[in-house]
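S.K.:
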Amino acid sequence: MTHINAHAETSRLERGRRALAEIDGEAGHRVIAALADIAPDFANYVFEFPFGDIYSRPGLDLRSREIATIAALAALGNAQPQLKVHIEAGLNVGLSRREITEVMIQMAVYAGFPAALNGLFAAKEVFAARDLAA
């Protein structure tokens, strides 16, 4: 799928739930479940805004959106849990391990070597966990 139809006759919440399931799969649901006892309303915000509104827009396919997200999270340098979730999402929407690795290497130019190294190590952990689960 290239994008979730933002114009369908569904609520932002429902669109967001579908998009999260398609993009992040189990990793995304673990994040939402972890919010249940501390901020259940925040889980709805995650469904509605990033997934119901932004990821559901036409204009970029899900692969492109995940490349941008992975790059941004790697560049931040302080979002390892979210980076790992989106590395998983990238794999879920068809990115190869090599493409994800190249994104991290590219970050050395714009975000510095520490951010690129941290991104590569996060990717290595996600890839290893996937290999164990296979």
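The numbers in full-length UniProt numbering rise by one with no breaks, and the one at position 92 of the sequence shown is 92. Even for Gly, the Cβ is constructed at its ideal location relative to N, Cα and C.
Exposed or buried, what is glutamate 26 when buried is set at 16 or more other beta-carbons lying within 10 Å of its beta-carbon?
M.R.: exposed
S.K.: Report yes if the CB atom of methionine 104 is closer than 9 Å to the CB atom of isoleucine 70, and no otherwise.
M.R.: yes
S.K.: Just to confirm, are glycine 16 and glutamate 48 a CB contact at a threshold of 9 Å?
M.R.: yes
S.K.: Where does proline 81 sit, in a helix, a strand or coil, going by DSSP?
M.R.: helix
S.K.: Of all the options Ala36, Asp37 and Ser56, which has the alpha carbon lying nearest to the alpha carbon of serine 11?
M.R.: When each option's Cα is compared against that of serine 11, the closest is Ser56.
S.K.: Check isoleucine 38 in the structure and name its three-state DSSP category.
M.R.: Three-state DSSP puts isoleucine 38 in coil, outside helix and strand.
S.K.: Taking 8 Å as the threshold, find out whether the segment 75-86 comes into contact with the segment 34-47 through three or more Cβ pairs.
M.R.: no
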